[in-house]
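Reading through the structure tokens given below for one structure.
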Amino acid sequence: MSIPLPKFCAVPTSHRSRPPSPDLPIQYAPMPDWFRISGMRRTATYEALGRGDLRAIKLNGRTLIDVPHGLAYLARLPEAVITTGSGVHKRGGRPAKNRDTVASESITTCGRRE
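Right, here's the structure in full:
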């Protein structure tokens, strides 16, 4: 199964390497290119590598991500569920506590309950 890659991932970040032919699929990408291709950040990438969700190789001290395998992993992730909420948190932050709860949680300055 061939996964179509976006056009921008065919351009390497290194000025020393020449760009591959647009007809050739990219098999491995250095970490900075993978971040742009996938939208993942550094920490999430290393966590996925640690779990075995992504595959990588080392080449001359550089970590190269297996791009088709990584894109297949991203395609298997669940779809985002976006909700607008119920309007309870109009200012953001935590919802206000019930007054009965606040009264029962009164604490003295010594840290003991009254």
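Residue numbers for the sequence shown, in numbering that gives the first Met the number 0: 0 to 113. We put the CB at the ideal spot given by N, CA and C, even for glycine. Quick caveat: nothing in here was measured; it's all calculated off a predicted structure.
Nearest Cα to residue 28 within the set 82, 68 and 22: 68.
Judged by beta-carbon spacing, residue 53 lies within the 8 Å limit of residue 64, meaning their Cβ atoms are closer than that value. In the three-state reduction of the DSSP assignment, residue 36 falls in the helix class.
Beta-bridge pairing by DSSP links residue 61 to 58. Looking at the DSSP output, residue 79 bridges to nothing. Bridge pairing for residue 31: absent [DSSP].
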